[in-house]
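Remarks on the structure that follows.
Residue numbers (this note's numbering): 221 to 339.
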């Protein structure tokens with residue numbers, strides 16, 4: 221019996237979908253802001269801002285909840301909540317197992333987790 225390496229193509233497709241949703245949300249936030257400025261009612265502005273903030277939290281959590289194909293833990297966060305929005309899109313490796321972004325299969329199946337140094 222051959223020991224086939226896992227193929228992560230499906231998981232990386234899911235990552236790209238989530239990333240593209242985040243980018244679309246940010247791009248669509250600009251016209252939304254223009255509409256918010258054009259609205260004259262103070263209550264309507266507050267309602268628009270509140271709706272945007274709720275949508276931001278939902279989109280961010282949807283993106284951050286994506287799990288690493290190798291270890292199954294959150295790829296982008298070591299803690300339950302992070303304040304940054306765009307930084308995870310720039311991250312190149314899993315916070316937990318060190319799997320490189322867009323890897324087709326693990327290079328080293330027993331690779332140790334990366335050591336994080338506090339700034």
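Ideal Cβ placement from N, Cα and C applies to all residues, glycine included.
Within the model, the alpha-carbon separation for residue 316 versus residue 286 is close to 13 Å. Comparing C-alpha distances from residue 242 to each of 279, 296 and 273 shows the shortest one belongs to 279.
Here residue 235 is near residue 295, since their CB atoms are less than 9 Å apart. Contact check for residue 288 against residue 267 fails: the beta carbons are separated by 9 Å or more. Judged by their CB atoms, residue 262 and residue 309 are not nearer to each other than the 9 Å cut-off.
The beta carbon of residue 293 sits closer than 6 Å to those of 316, all from its chain and outside the five residues before and after it, given in chain order.
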